[in-house]
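Residue numbers (the working numbering): 9 to 256.
Even for Gly, the Cβ is constructed at its ideal location relative to N, Cα and C.
A quick write-up on the structure given underneath.
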Amino acid sequence: MRLYATTVVGVLSLALVTGCSDGDAKGSAAAVKAPSAAELKKLIIAEGEVPGFKVAPVPAGRAKPITTDSAACRPLARVMSGLPPLDAAARTDRMAMENQKKAPSDKPTSLDDLAKGKFAEAMHKSLDRDVTTVTLASYDGDGAHKALESVRTAVPACTNGFSAVQAGTKMRFTEVAEEQATARGDGLVAFAATTNTGDGDPAPVHAEVVRAGSTLAVYFTTNLGAMMDKKTYAVSPQVVKAQQAKLK
9 MRLYATTVVG VLSLALVTGC SDGDAKGSAA AVKAPSAAEL KKLIIAEGEV PGFKVAPVPA
69 GRAKPITTDS AACRPLARVM SGLPPLDAAA RTDRMAMENQ KKAPSDKPTS LDDLAKGKFA
129 EAMHKSLDRD VTTVTLASYD GDGAHKALES VRTAVPACTN GFSAVQAGTK MRFTEVAEEQ
189 ATARGDGLVA FAATTNTGDG DPAPVHAEVV RAGSTLAVYF TTNLGAMMDK KTYAVSPQVV
249 KAQQAKLK
């Protein structure tokens, strides 16, 4: 069990499928000046603003980017690294971690209990919570539109997956699929990317990119407990709702 969790964390240290996305209307974005980094810091979610989640700075260990030699899939790798799909004029980020779910009441106290699977149950429960990286990125002119379009183009181009590296560890995303987005905005794209654990089990992660004028909100969510129990999960809707409300 420990090897399983370690493998997933090692491959997707960014602590860390079907549907559709809305079109992106460029509108008058070309005339808009990008918000500064200071302005973005006022717009990003803060502690106490997302019910059921703790919001904090992104830990340094979680900020190791995923890289790929595939130019077509690079915007997806950047999004899953908590980065904007294309370089931005300014950006800032936060990590929102779901509060611990209630643990099983009958905790393991003996080897017999371990054999009955109570230890595994307790571990799965402790890991069953969403961890979402939120990044705000601003662009001059129509840069936000182009950045979002790079993701929209990459999703179908990378349907069969792509190879990548994170912190020196090689991995392969075996599948990329478009998903139903949680938010509403001037344009948005949502997708799931699937890799495998050391045991060969699928390990999906979820991302969503939403444009609000000249600003992109990038969301990337993982849930180790859900992966281990083969449960479905998605980009944390509570986090998206709180962040998009601040961008209106």
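Determine the DSSP secondary structure at residue i, reduced to helix, strand or coil.
| i | result |
| --- | --- |
| G169 | coil |
| R82 | helix |
| P88 | The residue you asked about is not Pro; residue 88 is Met in the sequence shown. Of the three classes helix, strand and coil, the one that applies to M88 here is coil, per DSSP. |
| G338 | In the structure displayed, the chain extends from 9 to 256; residue 338 sits before or after that span and is not available. |
| R137 | coil |
| S29 | Residue placement at S29 cannot be trusted, given a pLDDT of 49 that sits under 50; the coordinates are not used to answer. |
| T182 | coil |
| S146 | strand |
| P164 | helix |
| A200 | strand |
| A38 | Bear in mind that a pLDDT of 49 at A38, under 50, signals an unreliable position, so the model cannot answer this. |
| L94 | coil |
| A13 | For A13, the predicted structure reports a pLDDT of 45, less than 50, and the residue's modelled location is therefore unreliable. The matter cannot be settled from this model. |
| A54 | coil |
| T240 | coil |
Between residue i and residue j, is the Cβ-Cβ spacing less than 7 Å?
| i | j | result |
| --- | --- | --- |
| A162 | P83 | yes |
| T140 | T229 | yes |
| D138 | S244 | yes |
| A189 | A145 | no |
| T205 | M179 | no |
| P93 | S171 | no |
| T100 | K49 | yes |
| S89 | P73 | yes |
| A175 | V248 | no |
| L156 | V217 | yes |
| A250 | E57 | yes |
| V87 | V226 | yes |
| Y147 | S78 | no |
| F181 | G169 | yes |
| L224 | A152 | yes |
At which residues does the beta strand (DSSP E) containing residue i begin and terminate?
| i | result |
| --- | --- |
| P245 | Run containing P245: none in the beta strand (DSSP E); it sits in the alpha helix (DSSP H), P245 to L255. |
| E47 | Looking at the DSSP string, E47 is not in any beta strand (DSSP E); the run it does join, the alpha helix (DSSP H), is A45 to L51. |
| A211 | P210 to A220 |
| A64 | F61 to A64 |
| A189 | A189 -> no beta strand (DSSP E), and no H or E assigned at all. |
| A225 | T223 to T230 |
Determine the extent of the alpha helix (DSSP H) in which residue i is found, giving its start and end residues.
| i | result |
| --- | --- |
| A98 | Run containing A98: none in the alpha helix (DSSP H); it sits in the beta strand (DSSP E), A98 to E106. |
Hey, residue i and residue j are a contact pair by Cβ (cut 8 Å); roughly how many whole angstroms apart?
| i | j | result |
| --- | --- | --- |
| E187 | H214 | 7 Å |
| M235 | A253 | The Cβ separation is near 29 Å, so there is no contact. |
| A165 | C81 | 7 Å |
| A42 | A98 | 6 Å |
Are the C-beta of residue i and some C-beta of chain C separated by less than 7 Å?
| i | result |
| --- | --- |
| D237 | Reference to chain C is not applicable here, since this structure consists of a single protein chain. |
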